[in-house]
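So the structure is just underneath, and the comments pick up after that.
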Amino acid sequence: LVGGAVSVLAVMLYGVLRGGWLDAVLAGIALGMSMLPEEFPMVLTIFMAMGAWRISQARVLTRRAAAIETLGSATVLCTDKTGTLTENRMTITELRTPHGKL
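Under the working numbering, the very last position in the sequence shown is 956; numbers go up by exactly one each time.
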């Protein structure tokens, strides 16, 4: 009960003082998990769902949960012309920028 109250207080203070509500929720979850380690499965599920949502916003479909963890922290995703990743090895053959080819 105390852990939940401290987590909610942390979310409110973080959100009001810093303005980033998503970061505030993540900080509250992390704080709650540090005080209540038995809640780890629930927190892991929430983080995986948030990662899946973030990836889906970039129009990426994953088949395995392990890919969510890996792709959730990626800032650049390179695919072939069909948009699929078929191998664990990628080779850049052509690089296009807004200023032209390299």
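Just so you know, even glycine gets a beta-carbon here, dropped at the ideal spot from N, CA and C. Please read these numbers as outputs of a predicted model, since none were measured by experiment.
With a 10 Å radius around the Cβ and a threshold of 16 neighbouring Cβ atoms, I922 comes out buried. With fewer than 16 other beta carbons inside 10 angstroms of its own, I946 counts as exposed. In terms of Cβ geometry, E893 and M887 form a close pair [threshold 8 Å]. The alpha-carbon of A906 is positioned some 27 Å away from that of V860. Annotated three-state conformation of R950 is strand, per DSSP. Nearest C-alpha to A919 among T936, A912, L898, K935: L898.
As a beta-bridge residue in DSSP terms, K955 pairs with R950.
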